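Peer 1:
Protein chains: 2
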Amino acid sequence: MKRAAPRRAPTESDVAELAGVSQSAVSRAFTPGASVAETTRMRILDAAQTLGYQPNLMARSLATSRSNIVALAISYLENPFYAQVVNALSDRLRATGRHILLFTSPPGEDADPALERVLSYQVDAIVMTATTASLELALQCQKSGVPIVQINRDSTLPGISTVRGENRRAGERIAAFLYAGGHRRYAFVGGAPDSTTGRARGAAFAGYLDARGAPPVVMTHGHYTFDGAAQAVRGMLSGPDRPDAIFCASDYMAFAAIGVARREFGLDVPGDISIVGFDDVPEAGRTAYDLTTYSQPASALVEEAIKIIDLLIEDPTRRAMRREVRGQLLVRGTARVPKDGIVVENDERVWRGAEAE
Amino acid sequence: MKRAAPRRAPTESDVAELAGVSQSAVSRAFTPGASVAETTRMRILDAAQTLGYQPNLMARSLATSRSNIVALAISYLENPFYAQVVNALSDRLRATGRHILLFTSPPGEDADPALERVLSYQVDAIVMTATTASLELALQCQKSGVPIVQINRDSTLPGISTVRGENRRAGERIAAFLYAGGHRRYAFVGGAPDSTTGRARGAAFAGYLDARGAPPVVMTHGHYTFDGAAQAVRGMLSGPDRPDAIFCASDYMAFAAIGVARREFGLDVPGDISIVGFDDVPEAGRTAYDLTTYSQPASALVEEAIKIIDLLIEDPTRRAMRREVRGQLLVRGTARVPKDGIVVENDERVWRGAEAE
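Chains as they are written, first to last, in our numbering: chain A, 2 to 358; chain B, 2 to 358.
Okay, here's the thing in structure tokens:
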């Protein structure tokens with residue numbers, strides 16, 4: 002049996018032939034602002050539709066040296082906070098005709114090695130979240146004038162812009178909140194040991210409590226994973242002198258912590274133990290979780306990141322930028338509440354106590 | 002103050018000049034398999050490194066008509082099942098040097114309209130999950146020979162391949178399991194009214210129970226969102242004759258259902274009410290949730306989708322394909338357990354009862 006030849010993608014000249022026009026007329030018809038008679042343009046678009054022709058944006062990107070593609074390097078996508086970041090970034094880029102080329106890496110591993118070759122795709126910028134740029138990538142991007150912005154991770158490398166939540170302030174505010182709530186023994190579940198974000202939150206948390214003479218804070222690593230956090234909490238609740246207040250460096254880890262406390266140890270949250278998260282993912286506000294947490298709005302982080310990208314694309318000689326997005330301590334049902342300092346703002350209970358300290 | 006000129010991306014001829022070779026030598030040095038003396042190649046790579054030059058893979062894709070980019074259209078990324086699909090797809094594509102161009106759309110809306118122009122990016126294939134192709138896109142892709150595979154959604158359109166879990170069988174097996182567990186009143190929380198997947202699961206579930214003379218199944222829509230499911234369950238638990246067995250068409254909706262039952266109605270799960278999910282996302286197996294569910298392995302779905310893509314790229318004259326990936330009913334802690342039929346396989350309790358029916 003004779004096999005049909007594979008279909009060939011229709012070309013500009015196929016369209017020109019069918020429409021009875023020159024190839025350059027077809028090219029002009031697909032170039033915004035180029036001159037072509039309206040009746041000719043309609044005939045060309047009809048022919049293109051009939052043939053299934055698509056103007057080649059990749060070829061066009063060679064001419065304009067802009068691909069309208071932004072690379073996104075991400076890890077921990079199972080954490081709903083990062084799903085929010087991806088959604089927000091995709092929405093905002095779509096509004097300006099841009100799209101995401103996605104690079105994922107497994108939790109705790111370095112960024113996708115393919116990212117080192119990402120410049121081959123002529124991306125306009127690189128956004129990294131829950132993962133950090135290598136020195137190699139930073140230098141390559143600096144040479145090529147391609148901006149890199151890290152969301153939720155600091156960097157000491159040259160040319161890397163960063164956008165993050167209030168890590169230090171959040172750590173201190175959560176400590177103050179739990180301290181005012183009269184807890185006895187405090188614990189922190191951080192991310193990976195080398196996460197700058199988790200370290201900043203934990204150091205500020207422990208620093209506040211140390212300065213007030215609280216017993217030493219139990220510092221553990223949950224590696225930003227569900228199982229990592231569950232294991233850390235299991236460990237601290239199995240010991241003799243167990244904490245009655247836990248700050249988890251992400252809501253996702255706090256969900257794991259609450260599950261272990263309630264279902265493996267039969268503890269009442271917040272009766273026996275207070276658990277506070279970080280991020281304020283959408284689920285955190287639902288009755289199923291009702292999580293006391295410090296907010297870090299994904300949409301605001303993304304908005305700042307895109308502002309930085311656009312400034313740096315417009316003027317590649319600008320220096321890397323650093324932005325901090327504000328959040329607040331949202332008082333819900335998983336932590337004992339101090340007597341004072343609760344105010345209601347936009348239908349949320351917010352803790353404003355001890356702010357003068 | 003004079004502003005520095007924006008940096009220009011280095012070109013092949015810049016590299017040629019610095020390395021003291023011809024431009025075609027530079028081109029060959031970056032083409033796998035092309036002939037160039039090793040010492041020359043090293044000199045060229047050094048020069049490229051110094052200048053921050055990157056070979057332009059987009060330009061190359063014009064020559065080969067393969068971009069090594071697969072478009073992924075997705076919605077409901079906050080559902081951990083789809084985070085799993087993205088991770089699995091990214092991992093598998095990376096292994097063959099391919100990457101994902103991401104198109105997101107908000108829950109319940111049509112796919113990103115930009116997807117209609119996706120062929121402009123010369124993608125090799127389109128994968129759609131939690132969203133469905135328009136007729137327009139299907140026809141365009143058919144004309145251009147670009148395969149479309151839908152994961153977890155059926156299609157009646159021409160040229161669309163589909164990969165899905167055992168929707169009908171799962172619906173029947175869950176019904177049989179709950180029926181054998183001696184429940185009185187059954188409910189179903191589906192996705193959007195027009196989701197083929199949710200409809201298939203619900204119809205099979207209700208069909209099994211109807212055939213056995215059970216009271217009519219309460220059929221509701223949770224729209225595959227956390228809030229949608231919470232609202233549906235809140236509605237059915239507020240009424241006079243409330244169900245004691247709920248099948249939710251996704252684990253994510255089941256988590257919302259369990260939260261509402263326990264925390265808003267003070268019900269014991271599974272003492273007062275049984276709740277069963279669908280997907281078996283990683284969290285479902287953790288003690289925090291311990292969810293009884295029917296599995297639909299994301300990695301197996303992705304593997305089948307990629308097999309189909311590769312077959313269709315190799316031979317565009319092949320017809321669209323349909324694949325079903327098997328799952329099983331995993332017995333955990335959120336549903337009353339029938340007396341018979343539980344077996345242990347790979348450390349999981351699986352229900353094998355009433356299989357001969």
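Glycine is no exception: its CB is placed at the ideal position from the N, C-alpha and C atoms.
Because the structure is a prediction, the values reported are computed rather than measured.
1) With a cut-off of 9 Å, does the C-beta of B:N88 fall near any C-beta of chain A?
2) Mapping the DSSP letters down to three states, classify B:R118 as helix, strand or coil.
3) By how many angstroms is the C-alpha of B:D125 removed from the C-alpha of B:R359?
4) A:S135 to A:V87, Cα distance in whole Å?
5) What is the residue span of the beta strand (DSSP E) that B:L102 lies within?
6) Are the C-beta of A:A115 and some C-beta of chain B separated by less than 9 Å?
7) Would you verify that the beta carbon of B:S91 is, or is not, closer than 9 Å to some beta carbon of chain A?
8) If contact means a Cβ-Cβ distance below 9 Å, which residues of the region 133 to 157 of chain B contact chain A?
9) Tell me whether B:F189 sits in a helix, a strand or coil according to DSSP, three-state version.
10) For B:L210, would you say it is in contact with chain A, using Cβ-to-Cβ distances shorter than 9 Å as the test?
11) Between the beta-carbon of A:L90 and the beta-carbon of A:V119, is there less than 9 Å?
12) For A:T288, which residues in chain B fall below 7 Å Cβ to Cβ?
13) Using the C-alpha atoms, what's the distance from B:Q151 back to A:L63?
14) Could you tell me the alpha carbon to alpha carbon distance between B:V277 and A:L268, rounded to whole angstroms?
15) At which residues does the alpha helix (DSSP H) containing B:M237 begin and terminate?
16) Confirm, please, whether the CB-CB distance from A:Y187 to A:A246 is below 9 Å.
17) Compare the C-beta of A:A355 against all C-beta atoms of chain B and say whether one is closer than 9 Å.
18) With 9 Å set as the bound, which would you pick, yes or no: does the beta-carbon of A:G328 sit closer than that to a beta-carbon of chain B?
19) Could you name each continuous beta strand (DSSP E) segment of 3 residues or more that falls completely within the region 251 to 295 of chain A, going from the start of the chain to the end?
20) For B:Y290, which residues from the same chain have a beta carbon less than 6 Å from its beta carbon, with the 5 sequence-adjacent residues on both sides left out?
21) Between the region 198 to 206 of chain A and the region 165 to 182 of chain A, do at least 3 Cβ pairs fall closer than 8 Å?
22) Taking the C-alpha atoms as reference points, what is the distance between B:V218 and A:P241?
23) Provide the residue(s) that pair with B:H222 in DSSP beta bridges, ordered along the chain.
24) Just how far apart, CA to CA, sit A:P108 and A:R29?
25) Name the chain B residues whose beta carbon is nearer than 9 Å to that of A:R29?
26) Return the chain-ordered list of same chain residues with a C-beta closer than 6 Å to the C-beta of B:A257, the five sequence neighbours on each side being excluded.
27) In whole angstroms, what separates the C-alpha of B:M237 from that of A:E265?
28) Is it true that the CB of B:D280 sits closer than 9 Å to the CB of B:A299?
29) Are there any heavy atoms of the ligand FAD lying less than 8 Å away from the beta-carbon of A:L94, as far as the coordinates show?
30) Specify the secondary structure class of A:F248 as computed by DSSP and reduced to three states.
31) Cα-Cα, which of A:A84, A:A336 and A:T130 is closest to A:V164?
32) Using the three-state DSSP reduction, which class does A:V150 fall into: helix, strand or coil?
33) Is the beta carbon of B:A74 closer than 9 Å to that of B:I45?
34) For the alpha helix (DSSP H) holding A:V86, just list the boundary residues, first then last.
35) Of the residues A:Y180, A:D92 and A:S145, which one's Cα is nearest the Cα of B:P11?
36) Check the Cβ of A:I101 against every Cβ in chain B and list those closer than 9 Å, keeping chain order.
Peer 2: The answer reads as follows:
1) yes
2) helix
3) Outside the displayed range of chain B (2 to 358) lies residue 359 of chain B, so it cannot be described from this structure.
4) 21 Å
5) H100 to S106
6) yes
7) yes
8) L140, Q141, C142, Q143, K144, S145, G146 and V147
9) strand
10) no
11) no
12) G260, V261, R264 and E265
13) Note that A:L63 scores 49 on pLDDT, short of 50, meaning its location in the model is unreliable; the coordinates nonetheless yield the value given after this. Their backbone Cα atoms lie some 32 Å apart in a straight line.
14) 25 Å
15) F227 to S239
16) yes
17) no
18) no
19) 275 to 280
20) E284
21) yes
22) 50 Å
23) B:G191
24) 47 Å
25) Those do not exist, as A:R29 stays about 16 Å from chain B at its closest Cβ, beyond 9 Å.
26) F227, A230 and A231
27) 30 Å
28) yes
29) This structure does not include the ligand FAD; it has no bound ligands of any sort.
30) strand
31) A:T130
32) strand
33) no
34) P81 to R95
35) A:S145
36) I101, L102, L103, F104 and T105
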